[in-house]
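Residue numbers (our numbering), protein chains in the order written: chain A, -8 to 133; chain B, 1425 to 1752.
What follows is one structure encoded as structure tokens, with my remarks underneath.
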């Protein structure tokens, strides 16, 4: 059987986390290529619709990264993200999606190393969980 | 509908069918009261199982597109619902998904938290009032000495009407507001220009909050979620500001805020407003803005007070939402 390589959709805020991921790149750090980056202006811009759509279209995991608490470029976008994250967590678990498939982390612009480690760690976790079967289950049961 | 002279204009042919439904939608059609005379003056009811004795074979005998308008209410739960959805689609010019169940799955759609076996086990084995020592289950075919008896096949999954056949219009609500039905019906009869195919008719584009007259502040904050029985509702302050979950922000207006006028929070039967594709996602987004806490621990505590977010936010719309069923 072919080795399972998860797809992890990640939403990175423009001001801290994307710059952090960029730093990991420019510093030539290696990290798991499973992370598919989508740049958003703020973690507060991550509508729950984005997360659910990612899962629905075959993502095995979703990673949201924003500025550390208190550092949001728009003052409180990351707090809104944190609240939505907890609502989403409760909801996805009710729908039978493992909690470790959705993760929220704070990554600052200088934390390239931390971003690379986070990417590796999440890839490892999701690989261990196996494929997220949402798409398949919806198609076979319908 | 092609006659040139108004006096000789033939009546339009109207059909009403129920799939997986409670019957409330059919009753809401009766709720037109004396307007029923206007309806029958303009239309012949050619098929309506709740009220008229037409058989499925009568519909099968019709020519394709012979029925002008079909109001299909109810979700698609079994093979009978599915067969009739296909049959009526074939025989109908304008197919309307009537009511929450046909629109997005409705209350029967909550069956998507389980599957056939899960539901059968509960219903035929484990409910407190079930006595079924032989573990009998419904069969699609049963041999009797008189012949074979058949029942429709119960599916694992509940679907909204447009997940089974092509739908022309959606008229949401549980049940739809009867006045809206009469307006839409009259628009069809008088030949008024109809909205583009796929439109939600008989409802507004904006949310319930747009119509609601309760007092709201610009920055709503919620420190604690409470159940309606836990508050002393003053009858005029926004439910969310009193900590009660009201689906208003994530629900299309047009019902005349019936529940809120009756001092009950909105439950979301009209589906999401035009700018949102998923009612629960919209609700989580809205509530995320309102929760009045920045510390993770406190946020978790507040979120924990919502007992059943999936069932609350998707009460009428699970099959029609992005994650349309539970993973089993």
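Beta carbons: idealized from backbone N, C-alpha and C, even for Gly.
From a predicted model like this one, the values you see are computed outputs, not experimental measurements.
Specify the secondary structure class of residue 1499/B as computed by DSSP and reduced to three states.
-> Strand at residue 1499/B.
What does residue 59/A touch in chain B if you count any residue whose Cβ is under 9 Å from its own?
-> One finds nothing in chain B with a Cβ atom closer than 9 Å to the Cβ of residue 59/A; even the nearest lies about 12 Å away.
Determine the burial state of residue 1532/B: buried for a count of at least 16 other Cβ atoms within 10 Å of its Cβ, exposed for fewer.
-> Taking every protein chain shown into account, the CB of residue 1532/B has 16 or more other CB atoms within 10 angstroms, so this residue is buried.
How about residue 21/A: is its C-beta nearer than 8 Å to some C-beta of chain B?
-> It does not: the Cβ of residue 21/A has no partner Cβ on chain B nearer than 8 Å.
Through-space distance from residue 1693/B to residue 63/A, alpha-carbon basis | The C-alpha of residue 1693/B is placed about 37 Å away from the C-alpha of residue 63/A.
Which chain A residues are close to residue 1733/B, counting only those with a beta carbon under 8 Å from its beta carbon?
-> Per Cβ cutoff of 8 Å: 78, 81, 82 and 85.
So, using beta-carbon positions, are residue 1456/B and residue 1605/B closer together than 8 Å?
-> Result yes, Cβ atoms of residue 1456/B and residue 1605/B sit closer than 8 Å.
Under three-state DSSP, which class holds residue 1467/B?
-> DSSP places residue 1467/B in strand when its eight states are reduced to three.
Using a Cβ cut-off of 8 Å (strictly closer), state whether residue 1727/B contacts chain A.
-> Taking Cβ atoms only, chain A reaches closer than 8 Å to residue 1727/B, which makes this a yes.
When you compare only the Cα positions, how much space is there between residue 1724/B and residue 119/A?
-> Distance between the alpha carbons of residue 1724/B and residue 119/A: 27 Å.
Span of the alpha helix (DSSP H) around residue 1687/B | Neither: residue 1687/B is in no alpha helix (DSSP H) and is coded neither H nor E.
Between residue 1425/B and the rest of its own chain, which residues show a CB-CB distance below 8 Å, the 5 nearest in sequence each way excluded?
-> Residue confidence is low: residue 1425/B scores 46 on pLDDT, short of 50, so the model does not pin down where it sits. No coordinate-derived value is stated.
Since residue 90/A meets chain B, which of its residues come closer than 8 Å, beta carbon to beta carbon?
-> The contacting residues do not exist; residue 90/A stays about 13 Å from chain B at best.
Would you mind reading off the limits of the alpha helix (DSSP H) that contains residue 1723/B?
-> Boundaries of the alpha helix (DSSP H) harbouring residue 1723/B: 1720 to 1728, taken from the DSSP string.
In angstroms with no decimal places, state the Cα-to-Cα distance between residue 1650/B and residue 1472/B.
-> Taking the straight line from one Cα to the other gives about 43 Å.
Tell me, please, whether the CB atom of residue 1465/B is closer than 8 Å to any CB atom in chain A?
-> It does not; no Cβ of chain A falls within 8 Å.
How is residue 94/A classed by DSSP in three states: helix, strand or coil?
-> Strand, per DSSP.
Any C-beta of chain A sitting closer than 8 Å to the C-beta of residue 1610/B?
-> Contact with chain A is absent for residue 1610/B, since none of that chain's Cβ atoms lies less than 8 Å from the residue's Cβ.
So what does residue 1661/B bridge to, in DSSP terms?
-> Answer by DSSP bridge pairing, in chain order: 1639/B.
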